[in-house]
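**Student:** Here you go, one structure.
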Amino acid sequence: MSAGEENIATPGEILGDSSQFIAGKGTYLAPNGRNIHASLTGQRRVVPPPVDSAEKRLTVEVVGHKTRGAVPEPGVVVITRVTRVMARMASADIMCVESKAVKEKFTGIIR
């Protein structure tokens, strides 16, 4: 498989070897640390590294066939609306992930 090449991938399918590819969105690195597998059904896509990157491996990713809204992940910036304040924590509804509005309801706790 080369950069720009696409085809259908299914969950658990081996997409490549970690010595040649970086695991991107919709993929995961197997416990053996060698194989990259699809974590969802969708289009398999190979993305070249950025021009200014020291990393020369291609990134393999799987893009779902259904349009999804933004999903929060650890480390991303979110915009929330505080819904409840207690002595040691607050509950909040997540409204935006980075600059994209969420389509589904996500809640979080601030301690």
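In the working numbering, the protein residues as written are 1 to 111.
We put the CB at the ideal spot given by N, CA and C, even for glycine.
These figures come from a predicted structure and were not determined experimentally.
State the DSSP-derived secondary structure class of residue 47, mapped to helix, strand or coil.
**Tutor:** Residue 47 falls in the strand class under three-state DSSP.
**Student:** Looking at residue 54 and residue 102, is the spacing between their C-beta atoms short of 8 Å?
**Tutor:** Cβ atoms of residue 102 and residue 54: not closer than 8 Å.
**Student:** Closest by CA to residue 115, which one among 33, 37, 96?
**Tutor:** Limits of the chain in this structure are 1 at one end and 111 at the other, which puts residue 115 out of reach.
**Student:** With distances taken between CB atoms, is the gap from residue 12 to residue 38 smaller than 8 Å?
**Tutor:** Yes. Within cutoff.
**Student:** Considering only the alpha carbon of each residue, which of 90, 110, 104, 36 lies closest to residue 22?
**Tutor:** If we check each option's Cα against that of residue 22, 36 comes out closest.
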